[in-house]
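Encoded as structure tokens, the structure appears first; notes follow it.
Numbering (the numbering used here), first residue to last: 17 to 157.
Below, the structure is given as structure tokens:
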């Protein structure tokens, strides 16, 4: 960057608030663009973790099958156990769905709270600006 460009960039700011606003905007924009990368990285790590657990159970299957087959467990007991595990699996899946819905609701509430907060801050700042204008006008008289 040349000296003239640096001087031009510095001269475009009218106040400290302009510098702050520009800097914060740049940081927020960068964070917004990086968010998908963070989410993708987390998703990949999480998926690999789940596949690892699935592989462990797949690898242990052969040993477990040999062990339990030697015990000679009654077919009715196996069927009852299967039914129990189907119910448990269904319960876990429904719980996961409920938790996902809760997280979505929680995010929606947080977003709405931030939007309401932004509206409130804008209204307060507008009122503050009007009061300062009236105060400045009364001082000029």
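Beta carbons: idealized from backbone N, C-alpha and C, even for Gly.
Remember, predicted model here, so these are calculated numbers, not experimental data.
In this structure, the straight-line span from the alpha carbon of residue 146 to that of residue 114 is close to 48 angstroms. In the structure shown, residue 90 falls within a coil segment according to DSSP collapsed to helix, strand and coil. Spanning the alpha carbons of residue 85 and residue 79 requires a straight line of approximately 10 angstroms. Residue 127 has its alpha-carbon roughly 14 angstroms from the corresponding atom of residue 136.
In the displayed model, residue 39 falls within a helix according to three-state DSSP. Setting aside the 5 residues that flank it on each side, residue 51 has no residue in the same chain whose C-beta is closer than 8 angstroms to its C-beta.
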